[in-house]
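Below is one structure, written out as structure tokens, with a few remarks after it.
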Amino acid sequence: MRIENIIRSIVLLAFLVMVVDVECGAQHIAKHYKTSKFDSAIFPANSLDMIPGIRFTPTNAEIDTAESALAKDIKTLNTPMINQYRTPIIHKKIGKYRRQYFGYLDQSGHKILLINCFYDKKYNDHTYWLDSKVTVLDGGSYYWSIHFDMNTKKFFEFYVNGAG
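In our numbering, the protein residues as written are 30 to 193.
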């Protein structure tokens, strides 16, 4: 009988710890980095996702560099305005997008930032974007991504989701 009581106590204690953890807000995987110009999540090198190459954790300074370049270059990068006929024009609404930053090294050893973007209004108060990469099918320009080479300070692989 004693062992059963001990086991019940342990189970009850474990349950209470889980409830308190959920109620108090568990730690997110990504570091939330927000400024007056952008709202972003910086994912650590050990986060579980499908990012290529050897991973690294981007720094705030690296994010600032990429954001500065993005603000300067986004209109030119978005010139074809792919999949933006019924959804936001990316360069006109750049401040409305939340970003997720993932760092990896390419085959040349260059530090690359994968910037995954999604329209803020779609997620309002939700915080699950701090736990895993936001991936959706379709959605047009509500969802887009781009890579930034920290060595060359150039963008590549600008991808806007389908409009479907």
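Don't be surprised by glycine CBs; every beta carbon is placed ideally from N, CA and C.
Asked	Found
Using C-beta distances below 7 Å, list every residue in its chain close to residue 87, excluding the 5 sequence neighbours before and after it, in chain order.	71, 130, 132 and 142
What are the partner residues of residue 143, as DSSP defines its beta bridges?	131 and 176
Measuring straight from C-alpha to C-alpha, what distance separates residue 126 and residue 189?	13 Å
Cβ atoms of residue 181 and residue 139: under 9 Å apart, would you say?	yes
So, for residue 80: in the same chain, excluding its five sequence neighbours on each side, which residues have a beta-carbon less than 7 Å away from its beta-carbon?	131, 133 and 143
Rank 102, 78 and 147 by C-alpha distance to the C-alpha of residue 169 and give the top, closest one.	147
Looking at the strands, I want to know which residues DSSP matches up with residue 148.	126
Measure from the alpha carbon of residue 99 to the alpha carbon of each residue in 67, 135, 137 and 112, then state which is nearest.	67
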